[in-house]
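Let me begin by presenting the structure, written as structure tokens, before commenting on it.
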Ligand SMILES: Cc1cc2nc3c(=O)[nH]c(=O)nc-3n(C[C@H](O)[C@H](O)[C@H](O)COP(=O)(O)OP(=O)(O)OC[C@H]3O[C@@H](n4cnc5c(N)ncnc54)[C@H](O)[C@@H]3O)c2cc1C
């Protein structure tokens with residue numbers, strides 16, 4: 075399969091060196107597909123999108139469903155993210171969104187985002203998944219005084235128009251809530267969202283889907299898809315599924331050359347995470363950071379961080395622009411330097427884990443949930459812009475409903491099929507240019 079980055083980024087046989095892999099319960103058995111089988115729906119990709127779609131198809135619509143996953147279920151971004159179940163999923167800011175779609179549509183989009191967070195909470199309780207949740211809401215921290223002023227205005231707007239309540243924390247109030255230190259100029263705590271162990275969540279969904287009768291096959295990449303007698307034939311090495319309908323749930327890992335070539339409509343981007351050894355109470359106090367709130371800063375190329383329930387500190391930010399070992403090592407050092415700059419009292423606290431994965435941008439700068447044009451019976455959901463724990467969960471349910479012939483009431487922003495990138499072979503250059511531009515804007 076042809077994809078944007080070097081093959082190391084897609085090597086499903088290589089171990090993911092994440093804390094999550096070390097601390098999640100073992101993966102349920104999902105043997106590779108063998109022989110030719112039939113189903114109502116074939117789902118390609120077993121992350122949050124594909125697993126939620128499969129659960130909805132099986133439980134609500136009583137359709138037979140086969141999930142094909144190139145690696146192990148949860149191998150992609152769903153098993154290696156920061157675990158922020160929060161609002162988000164688009165790169166357009168609030169003003170840009172209103173300028174493009176109007177206030178009413180923007181409010182409908184926020185309502186979908188809120189429903190997505192509630193969906194994750196519902197999944198955890200319905201399927202009895204213990205995913206180490208913590209954090210009541212999320213904390214945005216200003217990296218400049220100007221960013222703080224803007225943040226306060228946005229919080230007031232969101233409360234007034236979207237019913238999103240928040241708490242403004244002035245610079246001298248940060249220490250009081252345990253988010254001290256010198257790196258920030260105030261913050262806003264949005265009272266929506268929570269944090270979780272992403273792989274425990276993914277594997278919990280796998281177990282629930284298997285219990286609901288879904289067939290899930292790991293190590294089963296879909297290498298070709300073609301129309302055959304009014305259905306779709308999805309081929310994996312040595313086997314095939316024949317299904318009336320297909321759901322594409324491949325997000326940042328979508329191939330460029332397998333129909334419908336969704337990869338060409340996406341701009342995958344690495345995000346990287348480091349985790350420290352557990353900090354003790356004195357170390358937390360020394361830095362002034364004791365809150366269990368998940369937090370991020372106001373930069374465009376933002377940093378996201380949280381104290382995990384066992385006292386480790388997770389810190390993430392943009393990753394390399396290549397999967398080559400040298401580039402990855404440079405980013406590992408960059409992430410560590412950024413961590414030490416923002417949390418100087420912890421400069422001697424060792425990093426125990428470092429890993430990366432692909433998030434997915436689109437040219438339209440927002441996600442898509444809907445039919446695949448010119449492919450009758452095919453649906454896709456992707457492009458969560460690094461915020462898919464919640465949105466992918468909800469989007470998976472929505473495309474399953476569409477597959478079953480329902481028409482969910484979706485805001486316009488998520489129903490515009492992303493355009494292909496012009497000269498898609500140049501996407502890595504676009505990425506480099508955008509990263510440089512954003513880094514300059516963040517420094518101003
Ligand atoms: C480091 C990192 C940190 C992140 N942090 C957060 C966060 O804190 N909060 C948040 O909301 N979001 C976060 N995200 C984003 C979030 O993880 C994703 O948006 C979400 O997991 C997308 O889910 P998905 O199921 O659509 O895609 P994925 O989980 O990426 O799953 C796609 C799957 O498709 C499979 N696949 C691809 N092609 C084929 C094929 N041809 N045949 C079979 N299978 C195929 C892949 O192997 C992969 O497992 C982060 C992402 C990363 C990488």
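Residue numbers (this note's numbering): 75 to 518. Positions of the beta carbon are idealized from the N, C-alpha and C atoms, including for glycine.
By the three-class DSSP mapping on this structure, what secondary structure does residue 239 have?
coil
Contact check, residue 467 vs residue 155 under 8 Å by CB: the rounded distance?
That pair is no contact at about 12 Å.
Just the C-alpha distance for residue 479 and residue 118, rounded to the nearest angstrom, thanks.
Looking at the two C-alpha atoms, the distance is approximately 19 Å.
At a threshold of 7 Å, does residue 154 count as lining ligand 1 (C-beta to nearest heavy atom)?
The answer is yes for residue 154.
Would the C-beta of residue 142 count as close to ligand 1, meaning under 7 Å from any of its heavy atoms?
yes
On the three-state DSSP scale, how would you describe residue 152?
It is helical.
Near residue 245, which residues of its chain fall below 6 Å by C-beta distance, leaving aside the five closest residues on each side in sequence?
Excluding sequence neighbours, residue 245 sits near 259, 260.
Counterpart residues of residue 115 in DSSP-defined beta bridges:
Paired residues: 139, 319.
Taking all protein chains shown into account, decide if residue 193 is buried (16 or more other Cβ within 10 angstroms of its Cβ) or exposed.
buried
Report yes or no: do three or more beta-carbon pairs, one from the region 140 to 147 and one from the region 483 to 502, lie closer than 8 Å?
no
Tell me, please, which residues DSSP counts as bridged to residue 348.
According to DSSP, residue pairing for residue 348 in a beta bridge involves 389, 428.
Answer yes or no: do residue 239 and residue 367 have a C-beta to C-beta separation smaller than 8 Å?
no
Which word fits residue 510, buried or exposed, when buried means at least 16 other C-beta atoms lie within 10 angstroms of its C-beta?
exposed
With distances taken Cα to Cα, identify the nearest neighbour of residue 207 among 187, 400, 383.
Looking at the Cα atoms, 383 is the closest of the given residues.
Below 8 Å on the Cβ atoms is my contact criterion, and I expect residue 299 with residue 329 to pass it. Report the Cβ-Cβ distance as a whole number of Å.
About 10 Å; that fails the 8 Å criterion.
Residue closest to residue 152, alpha-carbon to alpha-carbon, out of 250, 324, 184, 81:
Residue 324 is the option with its Cα nearest to residue 152.
Give every residue of the same chain whose Cβ lies closer than 7 Å to the Cβ of residue 273, excluding the five residues on either side of it in the sequence, and list them in chain order.
Cβ within range, chain order: 94, 95, 98, 148, 153.
Local Cβ density within 10 Å of residue 112, reported as buried at 16 or more and exposed below that:
exposed
Do you know whose CA, among 126, 386, 110, 86, lies nearest residue 474's CA?
The shortest CA-to-CA distance from residue 474 to any of 126, 386, 110, 86 is the one to 126.
Segment contact, 8 Å Cβ cut-off, at least three pairs: the region 159 to 172 with the region 430 to 444
Between the region 159 to 172 and the region 430 to 444 there are three or more inter-stretch CB-CB distances shorter than 8 Å, so the stretches are counted as touching.
Closest by C-alpha distance to residue 122, when choosing among 418, 462, 142
462
Spell out a yes or no on whether the region 182 to 192 and the region 495 to 502 are touching, meaning 3 or more CB-CB pairs, one atom from each, closer than 8 Å.
Look at the beta carbons and you see the region 182 to 192 not touching the region 495 to 502: under three pairs across the two are nearer than 8 Å.
Report the start-end ranges of each beta strand (DSSP E) in the region 155 to 235 that is 3 residues or longer and not cut off at the edges.
Listed in chain order, they are 212 to 215.
Within this structure, are the beta carbons of residue 402 and residue 391 separated by less than 8 Å?
no
For residue 314, the three-state DSSP class (helix, strand or coil)
strand
Measure the Cβ-Cβ separation of residue 267 and residue 158 and say whether it is below 8 Å.
yes
Residue 234 burial status per 10 Å Cβ neighbour count (16 or more: buried)
exposed
Can you name the start and end residues of the beta strand (DSSP E) that residue 264 belongs to?
261 to 264
Indicate whether residue 455 and residue 283 have their beta-carbon atoms separated by less than 8 Å.
no
Let me check one thing: in DSSP terms, what residues is residue 442 bridge-paired to?
456
DSSP on residue 449, reduced to helix/strand/coil?
coil
Sorry if obvious, but does the Cβ on residue 325 come closer than 7 Å to a heavy atom of ligand 1?
Flag set: Cβ of residue 325 near ligand 1.
Shorter than 7 Å, the distance from the beta carbon of residue 75 to the closest heavy atom of ligand 1, or not?
yes
Can you give the Cα-Cα distance for residue 150 and residue 101, rounded to whole angstroms?
14 Å
For residue 295, verify whether its CB is less than 7 Å away from any heavy atom of ligand 1.
yes
Cα-Cα separation, residue 434 to residue 211:
Computed Cα separation, rounded: 24 Å.
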